[in-house]
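Novice:
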Amino acid sequence: SQTIHQWPATLVQPVGSPLSLECTVEGTSNPNLYWYRQAAGRGLQLLFYSIGIDQISSEVPQNLSASRPQDRQFILSSKKLLLSDSGFYLCAWSETDPLIQYFGAGTRLSVL
Amino acid sequence: AQSVTQPDIHITVSEGASLELRCNYSYGATPYLFWYVQSPGQGLQLLLKYFSGDTLVQGIKGFEAEFKRSQSSFNLRKPSVHWSDAAEYFCAVGDSWGKLQFGAGTQVVVTP
C-alpha cells in the first residue's frame, strides 16, 4: 500500500536561517506531489505542485522554493526564513485523479 | 476563482448529539466538493466527496453531506457524534486541474 512520510514533525528555526522539509511517498510511481501551508486561522493554501521530476509549479509568490530530485521525493526549501513562514506544512500526493489527494502528517514550523 | 467559506470557526457539541458543519463555495462551473478531517498531530483524511449524481453523499465514520446548488452549499452532518469526532474539519472545492481550495476549517469539540 502507499504511504507518505514527512519530517520533521515540528521545527523551530530563527529568522534568517535556511529550511529544508522533506516528503517521500512509497508504494507508487510518478505521483503528483503537492506542498500546502496552513497559517494560523486560515485554510490550506497550495504552494507548489509537481507532475514529475524537476517539474515544479508555484502557485503563490513567496520566500519558499520546491524541488523534486527523485520521483517520489519532494523538498520544500528556503534560503532565509521570515516570521511569516511560520505555519503547518502539509505534503500530499495523488495518482491518476489529481482531485483525490492523500496527505502526510505535516510539519509544524515556528520561525522566531 | 473558486473560494470556500466555513462560517463556523468553532463548534461545541455534546456526545450523542447531532452535528452539522456549514460550507459555502463559489465556483463558476460544476464544483468538485470535499470534506476532510484533521485529528491533532495528523494529516488530513478524506471523509467524502461529491463529483456528480446523487446530491446526498455518504462518507466514512458515519458522516454525510448534501450538495445544494441553489444555495452553493455542501454541509456536513452526523446524526450522533462520538468523542473521537473531535477534530478540525475542512471543506474544499476542486477544479478539473486537481487544484483544491480549502476553507479555514471548523474546530469541533465534543463534550461528555
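Protein sequence lines, in the order shown, are assigned to chains L and R. Just so it is clear: in the first sequence, position 76 is 76 by my numbering, and no numbers are missing. Just so it is clear: in the second sequence, position 29 is 1029 by my numbering, and no numbers are missing. For glycine and all other residues, C-beta sits at the position ideal for the given N, C-alpha and C. Model, not experiment: these values are computed from the prediction.
In chain L, what lies closer than 7 Å to glutamine 1042/R by C-beta?
Specialist: As a position in the second sequence, residue 1042/R is number 42, starting the count at 1. Going along chain L in sequence order, the residues near glutamine 1042/R (Cβ under 7 Å) are Ala105.
Novice: What does the alpha-carbon distance come out to for the pair serine 1096/R and glutamate 59/L?
Specialist: Position 96 of the second sequence holds residue 1096/R. Position 59 of the first sequence holds residue 59/L. Serine 1096/R and glutamate 59/L: Cα-Cα distance of roughly 16 Å.
Novice: Suppose the cutoff is 6 Å on Cβ atoms and the five residues either side in sequence are ignored; what does the same chain contact list for lysine 1049/R look like?
Specialist: Sequence index remark: in the second sequence, residue 1049/R carries index 49 (1-based). Cβ within range, chain order: Phe1034.
Novice: Can you tell me which of the three DSSP states isoleucine 75/L falls into?
Specialist: Position 75 of the first sequence, counted from the start, is the residue given in the question as residue 75/L. If DSSP states are grouped into helix, strand and coil, isoleucine 75/L belongs with the strands.
Novice: Please list, in chain order, all residues of the same chain as serine 1018/R whose beta carbon is under 6 Å from its beta carbon, the five residues on each side excluded.
Specialist: Residue numbering aside, residue 1018/R sits at position 18 when the second sequence is read from its first letter. Cβ neighbours of serine 1018/R beyond the five flanking positions: Pro1079.
Novice: Would you mind telling me which residues of chain L sit closer than 7 Å to lysine 1099/R, beta carbon to beta carbon, in chain order?
Specialist: If you number the second sequence from 1, residue 1099/R lands on position 99. Residues of chain L passing the Cβ test: Leu46.
Novice: Please report the Cβ distance between glycine 1028/R and proline 98/L, rounded to the nearest whole angstrom; I am assuming they are in contact, meaning their Cβ atoms lie under 8 Å.
Specialist: Stepping through the second sequence from its first residue, residue 1028/R is reached at position 28. Stepping through the first sequence from its first residue, residue 98/L is reached at position 98. Between proline 98/L and glycine 1028/R the Cβ distance is about 19 Å, and since that is not below 8 Å, they are no contact.
Novice: Quick check on DSSP: helix, strand or coil for arginine 1077/R?
Specialist: Counted from its first residue, the second sequence places residue 1077/R at position 77. In the structure shown, arginine 1077/R sits in a strand (DSSP, three-state: E or B).
Novice: Would you kindly check if the distance between the Cβ of serine 17/L and the Cβ of leucine 81/L is under 8 Å?
Specialist: Translated into positions along the first sequence, residue 81/L becomes position 81. Translated into positions along the first sequence, residue 17/L becomes position 17. Yes; because the gap between Cβ atoms is below 8 Å, this pair is in contact.
Novice: Between the stretch 1085-1099 of chain R and chain L, which residues of the former have a C-beta closer than 9 Å to a C-beta of the latter?
Specialist: Those would be Phe1090, Cys1091, Ala1092, Gly1094, Asp1095, Ser1096, Trp1097, Gly1098 and Lys1099, in chain order.
Novice: Could you compute how far the alpha carbon of glutamine 73/L sits from the alpha carbon of alanine 66/L?
Specialist: Along the first sequence, read from residue 1 onward, the residue named residue 73/L stands at position 73. Along the first sequence, read from residue 1 onward, the residue named residue 66/L stands at position 66. Rounded to whole angstroms, glutamine 73/L to alanine 66/L spans 11 Å at the Cα level.
Novice: Taking isoleucine 53/L as the reference, which of Gly43/L, Asn30/L and Gly87/L has the closest Cα?
Specialist: For the purposes of this step, residue 53/L is taken as the residue at position 53 of the first sequence. Measuring from the Cα of isoleucine 53/L, the nearest candidate turns out to be Asn30/L.
Novice: Which whole-angstrom value is the C-beta distance of valine 1093/R and valine 1013/R, which I expect to be below 8 Å?
Specialist: As a position in the second sequence, residue 1093/R is number 93, starting the count at 1. As a position in the second sequence, residue 1013/R is number 13, starting the count at 1. That belief does not hold up - the Cβ atoms of valine 1093/R and valine 1013/R are roughly 25 Å apart, past 8 Å.
Novice: For the beta strand (DSSP E) containing phenylalanine 88/L, list its first residue and its last residue.
Specialist: Locating residue 88/L in the first sequence gives position 88, where the first residue counts as 1. Element bounds for phenylalanine 88/L: 87-94.
Novice: Tell me whether isoleucine 1009/R is buried or exposed, calling it buried when 16 or more other Cβ atoms sit within 10 Å of its Cβ.
Specialist: For the purposes of this step, residue 1009/R is identified with residue 9 of the second sequence, where counting begins at 1. When all chains shown are included, isoleucine 1009/R counts as exposed.
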